[in-house]
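Asker: In the order they appear, the protein sequences are chains F and P. 1 is the number of the first residue of the first sequence in UniProt numbering; add one for each residue after it. 1 is the number of the first residue of the second sequence in UniProt numbering; add one for each residue after it. For each residue, glycine too, the CB sits at the ideal point set by N, CA and C. Take a look at the following structure, please.
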Amino acid sequence: SKRHHQRRWEGKRDIRKLVSNLPYEGLEKMKQPNRHFPGNAIKTTKYTLLFFIPMNLFEQFHRLANIYFLGLAILNFVPVVNAFQPEVALIPICVILALTALKDGWEDFRRYQSDRKLNNTPCFIYCRKEQQFVERRWKDVRVGDFVKVICNEIIPADLLLLHTSDPNGVCHIETANLDGETNLKQRRVVPGLSTSTSEFEPESFNGVVVCERPNNNLNHFKCYVEKPDNVKVGIGIESLLLRGCTVRNTDHTVGFVVYAGHETKSMLNNNGPRYKRSKLERKLNTDVIFCIILLFAMCLVGALGHFSWLQELPSVPPYLVPDSHGHLDSPALSGFYMFFTMIILLQVLIPISLYVSIELVKIGQVFFITNDIDLYDEESDTPMQCRALNITEDLGQIQYIFSDKTGTLTENKMVFRRCTVMGTEYPHCENGKRPWPPQSRWTPDTEDADPAGTPHYHGSRHRGKVAESAQRDVAFSSPLETEVVPDRKLLQQIRRTESSSSSSSSGKTDPYLDFFLALAICNTVVVSTATVRRQRVSAPICPLETSNPFETFSHLVRKVGSFRQTISSWRPMSNRSRTSSNCSVLEEDHFNSLAKTGNCGGRKSTGPQTQDTSPSLRYEAESPDEAALVHAAKAYGFTLLARTPGSVTVRLPCGEELVFEVLDTLAFDSHRKRMSVLVRHPVTSELVLYTKGADYAIMELLGTPYQKRIAADTQRHLDCYAKEGLRTLCFTKKVLSERAYKDWSVSRQGALAAIDNREKLIMDTAGLLETNLTLLGNTRVRATGIEDRLQESVPDTIVALREAGIQVWVLTGDKPETAVNIGYACRLLDEGDLVINMNYVLQLMCVSILDCTLEEVRRYGNDPTGLAPTISLVIDGRTLAMALESDLVDRFVDLARRCRSVLCCRVTPLQKSAVVKVIREKLKVMTLAVGDGANDVNMIQAADVGIGISGQEGMQAVMASDFAISRFKHLKKLLLVHGHWCYTRLANMIIYFFYKNVAYVNLLFWYQFFCGFSGTAMIDYWLMIFFNLFFTSAPPIMFGIMDKDVSAETLLGLPELYRTGQGTGEYKFSTFWTAMLDAFYQSLVCFFIPYWVYEDSDIDVFTFGTPLNTVSLFTILLHLSIEIKTWTVVHWVIMLGSVAVYFIVTLAYSAICVTCNPPSNPYWILQSQMADPMFYLTCIITTVLALLPRYPQYSFSFAYKNKNSPPETDFEQGTILEKVWL
Amino acid sequence: MMASSYNAKDEDGHITVSGPGGGTLKNKKPDNTAFKQQRLPAWQPILTAGTVLPAFFIIGLIFIPIGIGLYVTSNNIKELEIDYTGVDMSSPCFNCSQNFSWNSTRPCTCTIPFYLEQAFESNVFMYYGLSNFYQNHRRYVKSRDDSQLNGDIEALLNPSKECEPYARNENKPIAPCGAIANSMFNDTLELFYIDPNGTKIQIPLMKKGIAWWTDKHVKFRNPGGNNPNLTAVFQGTTKPVNWRKPVYELDTDSENNGFINEDFIVWMRTAALPTFRKLYRIIQKKNSMIPTLPRGNYTLEVVYNYPVGSFEGRKRMILSTISWMGGKNPFLGIAYITVGSICFFLGVVLLIIHHKYGNRNNSADITN
């Protein structure tokens, strides 16, 4: 049936069969078997040179705003309705289109350049004619070619790894270009194809590669190679080299091109930037609709007014101009036309330029956020990253924060803290201390020479003291953090077992040795030599030595050191080598050498050699706890030296190196919550399965009665660890019989070769082997506790966020005990809190408890005394799943809403996102999710604002996020300061923009009442365009980028101020309409004061318009300067500059333009006005009267605020403080 | 995008590696400058009662005197307005107003007597005023050709489309074209002083210097440069439909003829509001001893040509002396006085409020 299944899969269209190109080399294109697949040349440009203009225009007219603009411009070409000269009306749209096209063109050109550069990158392709790899370009690579990639080169296409220079068939790649992860990943050669060690012969490759269609999943690849003898070899992602990755630590590799060019996984992953619509922008759109309604109302007034004005005329007056045929339209028709004329005239009411301005403002805001030095992490050299450019203001409106625990609240830099073996606890007292400063680390200590093993204890205690005094300032991740100080008792235990069985082989099964072997073996940690990946070597070899003078020197020193070490002591060497080569030497095997000199005196001869070959082991772990365990094992002398797909090399404390044959690795997955490694013991030849996993995942697999006591003890210790906030892991061992392995192996192979449903089958087989473990019962449990330290200032940040009115939830996959412990540590929970713990298996119970609790909590809420305790909720994953079901969800949300803090434990990634979605939709609040790992991706994407922490667990969270920070504490400034600023700035800017447009356009509208609603503009059209384009555009943008209503210090000091942004905040319905009313009032003043001044005089149209224009410029700018809270040099320059530009441009224009813009003619008008004192008198009184309500209203509201609400009292104090600061 | 990003990293020639010992070659640390950190030295105007109150008092104190000054100046301006539309049966111009026609060849004159109660001491400006005349109608405003008026021969013979339907008449280009020119005001006003003896003395009216200097010398120019023979220059053009004589016969003085006729220029400057006046003549003061217009009886003689019945318009003759602030308009003075008073009043109110609550506020602050 399996074969049948296979055939069915092949029958589908979604597979590809690829063969080598070599037999067809030199043939014409039609005969090439792989001709249907695209080449490796990429083209990411959107446009071609020839069709740039039409394509770009087509693109741009997808925007509604542009269509509106164009519609108006076209409308202006209709003679009966045009308000301005048709050509002139095209200017705004042309300017906007041209600017956008210029920007697009430039971006496209950059893309073109980078494409060209990539396509012309050299690479080596096998050529049959020349019988060797010849240099070609990336663009020449085709599917079916054989490509050779040299160390430190970038892989040109997706390659099936067929051969590497490594004898074990392993190749290391760095995927930083793809996902930002810098740890090395191991890839291995497709088994059974390459003739191992010798040089690879591409011509001998005669299989058919059958693979799935290209997709964008970087972590999955389904494929098999069908050899001529019909044997199928299954291949997964572990044998695929992805385009864009860099080959490291491997001299050269040869691969078969599977996907090329745009079909490669990296190109398929190459999506455009994320586009999210901010809450403010959504609200803004409703206001735009109000503006449209207003516009239509005004146009209707114009149309009706024109109609009735025409009706009232007794006959045809001389000022009614008929059309060119001498014909006059009827009043009704004229009124109808007038409607459209009015739309053209008053079009500015719809703030098209607002959208452009908002984009500019956001660019500026992002600039300031990313440049904030407080959001920069010195240690990892990462500044704040804004990945979504258009939701900066959402940061100021957050009401709920959903946080991951591990790596977000905590360092996720794991330190091995304690362990329990065979039911005995080893507390590792010294490890609890923070790392000590490097200087004091290896202080020469006379006792160190003591052979009894005590030096560690004494030495470390000494260090501990030093550490205590200095630890407060120590950076959190000094390289020493991975160091573990061995527990004395445990060390002695190992000594004892080792010395008792130093020569025998039976002792290898001792639980203590097994424990450490399991620590060292049962993982996927890759060992690399640090020196290689640090530097770029242009030569195709990546040597360890002589490429860097520094390194050579350190190497020498090391040799000297090891030489001296063989004589007597290791002391001076490590110190010196560290100082002389602090860059290249990462890890020194101090303990290792110590153990050697101390213990295995008889095997000294191996010491220096091993010391020499592994001076700088670097562990590339996918998760930090794995690394912590390997380091812990190393501290006890069990050093992981190398890992290849087929073997693991471990050095024992006595210096002996054991090579374990790895038969299989059952990788970790979130369902099983454990991983296993099946190895053959080199000494006993036993088949041993080491399993590591979460305690609950392991404990339920134990069942044999005689283990019960140990299991119970261990469980007790585990609970105790969890209470301390330690992360716990359990290790088990099982010895398999050959037969059992054989049986299992068959089903495993079947699962691996399957293509459909493969993951599930593999998982099932893994489970099969691991469940058997309970039946055999031959297991021993050891548990480890790994500490995950709280990040710097986390409690501080949480308290501040809470004061800011933000609810903080923690969602973690950890056990409730650990989570609660961390909750207290980070002050999410308080001692006085009433903690409701919900951990139920039965739904019925869950329902009733939920109802009871809700009842009680409601009562507390109504308690008028205010003495009711704050309530915190701790809920576990299973209960959460029930609570999120449709019939309970409302009650759950209601309960959660009343709780001060909520902790969800043991939740799956999907549940995390479900919680976020539920809260977001049910409570209609702004949510923010912050996390660092792949398990947080769902949650980050579900929230309104997703924040990724670029930490230890790769970059997947960052890739999915809108903003990326490096520490949790940065959230405080990001939200409280930048969020608040961005929001108030943008909200005020938008309101101001609406106000500005209405105030200006209404001038034109009021004039219609005095020109028979004929659509006349009393301001020259060019000056009207300039007014919006130059004279009044820069100040609001600057206002939106730079205004500070409250200083950063005050915002950080008084988190309550953040509350202004939550809910509706500054941008309220009332604020909008107040601004509108103000605009109406101001436009009335700006129109009617000049009107009464010039009533019944000999003033002409444009001379009348000039003071109006000037007055509204002053009013609009002064209105803004009332709104501006903080004036810097930039503010002054831009404000005064705008006024200067207005006068200079208008004066120049009216001096030069005699007949340049017929029939509109502003010649010498401003000049004549400026010679008239009346002009100034009018401008002054109009401006003062227009701003008269605004100015006292501001000062009144200020005084009012100060008295009425307590937070505002603080506010005033804040401003007083500011006065002192500034 | 992706391609370009890894390419860029390649160019830099380094990989940024975090973690122990990873010597990063390039620092991504943001610059610690005042601008980038938003720490530019700043001034924060804090609107408190202390800063707002003085502003109100100062505005009040400045505005009220200005207002009084303006009001007094305006009141010193003497102005006389005579409506000669002739709507009433009793009006001398009633007859003329009834039989209107643009092209009537027989001029209709009417004489309006009036009495000047106060002597006009300084130069007197004589305006004609029209009301309900929408010179600011959108299509009307546009109906002109500035190039033609600027003396462009090409435009003279081919008036712009904007002038339609007053661009051509009987296949000849109209000079000056357009609706504005076509509807030019063409009444003639003359002023006579009736001596106490009963003798009628014509008052000399200056018809030059009534237009803007820039209009007369830059914007409006006759075609053909300084060719005094305007008849030849305007050869091939025809007069506007409503005009009685061609443009080159507007005046006998060649400095005030053709397009640079000042009456014409004044008319071409379209009024902003439907009720407007336009400067017609200037009566210059001759002798410092004698007032320009002494107190007494006068008659206004009107050659009544301009019909206003089609839009229920009014025609007025206005005599006005002039000051630095132009014609008589008490509005600005009143406005200044009002706004100044409001500010002053608001200041007082605020002061009281501040006094009443300010202390409490301060004490609250102290207890805090």
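Out of F:Val889, F:Phe61, F:Arg137, state which residue places its alpha-carbon closest to the alpha-carbon of Ile93 of chain F.
Answerer: Your numbering for residue 93 of chain F matches position 93 in the first sequence. If we check each option's Cα against that of Ile93 of chain F, F:Phe61 comes out closest.
Asker: Would you say Glu1095 of chain F faces chain P, with C-beta separation under 8 Å as the test?
Answerer: Position 1095 of the first sequence holds residue 1095 of chain F. It does; some Cβ of chain P falls within 8 Å.
Asker: Look at the alpha carbon of Ile53 of chain F and the alpha carbon of Asn66 of chain F, and state the distance between them as a whole number of angstroms.
Answerer: On the first sequence, position 53 is the one that residue 53 of chain F refers to. On the first sequence, position 66 is the one that residue 66 of chain F refers to. Their Cα atoms are separated by approximately 16 Å.
Asker: Quick one, which of F:Leu1003, F:Arg213, F:Tyr995 has its alpha-carbon nearest Met1024 of chain F's?
Answerer: In the first sequence, residue 1024 of chain F corresponds to position 1024, counting from 1. Selected option, being the one with the closest Cα: F:Leu1003.
Asker: Let me confirm a value: Arg496 of chain F is counted as buried when at least 16 other C-beta atoms fall within 10 Å, else exposed. Which label applies?
Answerer: For the purposes of this step, residue 496 of chain F is identified with residue 496 of the first sequence, where counting begins at 1. When all chains shown are included, Arg496 of chain F counts as exposed.
Asker: Since Gly244 of chain F and Asn177 of chain F should fall inside the 8 Å C-beta cutoff, what is the C-beta to C-beta distance between them, to a whole number of angstroms?
Answerer: Residue numbering aside, residue 244 of chain F sits at position 244 when the first sequence is read from its first letter. Residue numbering aside, residue 177 of chain F sits at position 177 when the first sequence is read from its first letter. With a Cβ gap of about 5 Å, Gly244 of chain F and Asn177 of chain F count as contacting.
Asker: Please report how far the alpha carbon of Ser848 of chain F lies from the alpha carbon of Arg188 of chain F, in whole angstroms.
Answerer: Translated into the one-based positions of the first sequence, residue 848 of chain F becomes position 848. Translated into the one-based positions of the first sequence, residue 188 of chain F becomes position 188. The alpha-carbon atoms of Ser848 of chain F and Arg188 of chain F are separated by roughly 55 Å.
Asker: I'd like to know if the region 1003-1017 of chain F and the region 833-841 of chain F are in contact, where contact means that at least 3 CB-CB pairs between them fall below 8 Å.
Answerer: With a cut-off of 8 Å, the region 833-841 of chain F and the region 1003-1017 of chain F do not count as touching, because too few Cβ pairs lie within range.
Asker: Looking only at its own chain, which residues have a Cβ that is under 8 Å from the Cβ of Val170 of chain F, when we skip the five neighbours before and after it?
Answerer: Counting from 1 along the first sequence, the entry for residue 170 of chain F is found at position 170. So the qualifying residues of the chain are Thr164, Gln186, Arg187, Arg188, Val189, Thr250, Thr644, Pro645.
Asker: Specify the secondary structure class of Phe290 of chain F as computed by DSSP and reduced to three states.
Answerer: On the first sequence, position 290 is the one that residue 290 of chain F refers to. Here Phe290 of chain F sits in helix by DSSP.
Asker: What is the C-beta distance between Ala42 of chain P and Thr1126 of chain F, in whole angstroms, given that I count them as a contact (C-beta under 8 Å)?
Answerer: One-based indexing of the second sequence puts residue 42 of chain P at position 42. One-based indexing of the first sequence puts residue 1126 of chain F at position 1126. Yes, they are in contact, since the Cβ atoms of Ala42 of chain P and Thr1126 of chain F sit about 4 Å apart, within 8 Å.
Asker: Could you give the DSSP three-state label for His137 of chain P: helix, strand or coil?
Answerer: Start at 1 with the first residue of the second sequence, and residue 137 of chain P comes out as number 137. Of the three classes helix, strand and coil, the one that applies to His137 of chain P here is coil, per DSSP.
Asker: Applying a beta-carbon distance threshold of less than 7 Å, which residues of chain P neighbour Asp796 of chain F?
Answerer: Residue 796 of chain F sits at position 796 when you count from the first residue of the first sequence. By Cβ distance, chain P contributes nothing, its closest Cβ being about 21 Å from Asp796 of chain F, past 7 Å.
Asker: Using the DSSP secondary-structure output, state which residues sit across from Val303 of chain P in a beta bridge.
Answerer: Working through the second sequence from its first residue, we reach residue 303 of chain P at position 303. Paired residue(s): P:Thr109, P:Thr188.
Asker: Would you kindly report the start and end of the unbroken beta strand (DSSP E) that includes Gly946 of chain F?
Answerer: Counted from its first residue, the first sequence places residue 946 of chain F at position 946. Looking at the DSSP string, the run of the beta strand (DSSP E) that includes Gly946 of chain F is 945-949.
Asker: When DSSP builds the beta bridges, which residues end up paired with Asn169 of chain P?
Answerer: Within the second sequence, residue 169 of chain P is the residue found at index 169, counting from 1. Paired residue(s): P:Lys172.
Asker: Under 9 Å Cβ-Cβ, which residues of chain P neighbour Gln1044 of chain F?
Answerer: The sequence position of residue 1044 of chain F within the first sequence is 1044, counting from 1. This sequence places Lys at residue 1044 of chain F; Gln is not what is there. Under the 9 Å cutoff, chain P gives Gln38, Ala42, Gln44.
Asker: Whose C-alpha, out of F:Ser1112, F:Glu921, F:Val902, F:Trp981, is nearest the C-alpha of Asn997 of chain F?
Answerer: Along the first sequence, read from residue 1 onward, the residue named residue 997 of chain F stands at position 997. Out of F:Ser1112, F:Glu921, F:Val902, F:Trp981, F:Ser1112 has the C-alpha closest to the C-alpha of Asn997 of chain F.
Asker: Against chain P, with Cβ distances strictly below 8 Å, would Phe368 of chain F count as a contact?
Answerer: Start at 1 with the first residue of the first sequence, and residue 368 of chain F comes out as number 368. By this cut-off, Phe368 of chain F is an interface position.
Asker: Name the chain P residues that come within less than 9 Å of Phe1104 of chain F, Cβ to Cβ?
Answerer: Here residue 1104 of chain F refers to the residue found at position 1104 of the first sequence. The contacting residues are Asn136, Ala271, Ala272, Leu273.
Asker: Can Leu884 of chain F and Val937 of chain F be called in contact, C-beta distance under 8 Å?
Answerer: Residue numbering aside, residue 884 of chain F sits at position 884 when the first sequence is read from its first letter. Residue numbering aside, residue 937 of chain F sits at position 937 when the first sequence is read from its first letter. Cβ distance not < 8 Å, so Leu884 of chain F and Val937 of chain F don't count as in contact.
Asker: Check whether the region 1030-1038 of chain F and the region 1058-1073 of chain F are in contact - that is, three or more C-beta pairs closer than 8 Å.
Answerer: Output reads no: the region 1058-1073 of chain F does not touch the region 1030-1038 of chain F.
Asker: Scan the region 172-188 of chain P for residues whose Cβ lies nearer than 8 Å to a Cβ of chain F and list them as they occur along the chain.
Answerer: Within the region 172-188 of chain P, the qualifying residues are Ala179, Asn182, Ser183.
Asker: Below 8 Å on the Cβ atoms is my contact criterion, and I expect Val1154 of chain F with Lys219 of chain P to pass it. Report the Cβ-Cβ distance as a whole number of Å.
Answerer: Taking the first sequence and counting its residues from 1, one reaches residue 1154 of chain F at position 1154. Taking the second sequence and counting its residues from 1, one reaches residue 219 of chain P at position 219. That belief holds up - the Cβ atoms of Val1154 of chain F and Lys219 of chain P are roughly 6 Å apart, short of 8 Å.
Asker: Thinking Tyr128 of chain P and Lys278 of chain P are a contact (beta carbons under 8 Å), I'd like their distance in whole angstroms, please.
Answerer: Here residue 128 of chain P corresponds to residue number 128 of the second sequence, with the count starting at 1. Here residue 278 of chain P corresponds to residue number 278 of the second sequence, with the count starting at 1. Their Cβ separation, rounded to whole angstroms, is 6 Å, which keeps Tyr128 of chain P and Lys278 of chain P in contact under 8 Å.
Asker: Whose Cβ in chain F lies nearer than 8 Å to the Cβ of Glu162 of chain P?
Answerer: For the purposes of this step, residue 162 of chain P is taken as the residue at position 162 of the second sequence. Within 8 Å Cβ-Cβ: Pro1158, Pro1159.
Asker: Mind checking if His458 of chain F is an interface residue toward chain P, Cβ cutoff 8 Å exclusive?
Answerer: Here residue 458 of chain F is taken as the residue at index 458 of the first sequence, counted from 1. Residue confidence for His458 of chain F is low, a pLDDT of 37 falling below 50, so the modelled location carries little weight; the figure read from the coordinates is stated next. No, because no Cβ of chain P sits closer than 8 Å to the Cβ of His458 of chain F.
Asker: Report the three-state DSSP secondary structure of Gly236 of chain P (helix, strand or coil).
Answerer: As a position in the second sequence, residue 236 of chain P is number 236, starting the count at 1. In this structure, Gly236 of chain P counts as coil in the three-state DSSP scheme.
Asker: If we define contact as Cβ-Cβ less than 8 Å, is Glu262 of chain P a contact residue for chain F?
Answerer: Taking the second sequence and counting its residues from 1, one reaches residue 262 of chain P at position 262. No, no contact with chain F.
Asker: If we count the other Cβ atoms within 10 Å of its Cβ and call it buried at 16 or more, is Asn75 of chain P buried or exposed?
Answerer: Against the second sequence, residue 75 of chain P aligns to sequence position 75. Flag for Asn75 of chain P reads exposed.
Asker: Which residue wins for smallest C-alpha separation from Pro246 of chain P, given the options P:Met184, P:Gly209, P:Ala272, P:Asp215?
Answerer: The residue labelled residue 246 of chain P in the question sits at position 246 within the second sequence. It is P:Met184 whose Cα lies nearest to the Cα of Pro246 of chain P.
Asker: What is the rounded straight-line gap between the Cα of Leu718 of chain F and the Cα of Val915 of chain F?
Answerer: Reading the first sequence from its first residue, position 718 is the one you call residue 718 of chain F. Reading the first sequence from its first residue, position 915 is the one you call residue 915 of chain F. C-alpha separation (whole angstroms): 29 Å.
Asker: Where does Asp1100 of chain F fall in DSSP's three states?
Answerer: Here residue 1100 of chain F refers to the residue found at position 1100 of the first sequence. In this structure, Asp1100 of chain F counts as strand in the three-state DSSP scheme.
Asker: Name the two residues that bound the continuous beta strand (DSSP E) containing Phe1005 of chain F.
Answerer: The residue you call residue 1005 of chain F lines up with position 1005 of the first sequence. Phe1005 of chain F -> not in any beta strand (DSSP E); alpha helix (DSSP H) instead, spanning 980-1008.
Asker: Using the C-alpha atoms, what's the distance from Gly340 of chain P back to Ile62 of chain P?
Answerer: As a working mapping, residue 62 of chain P is identified with position 62 in the second sequence. As a working mapping, residue 340 of chain P is identified with position 340 in the second sequence. Roughly 7 Å between the two C-alpha positions.
Asker: Considering just the uninterrupted stretch of the beta strand (DSSP E) at Pro122 of chain F, what are its terminal residues?
Answerer: Position 122 of the first sequence holds residue 122 of chain F. 122-127 is the extent of the beta strand (DSSP E) around Pro122 of chain F.
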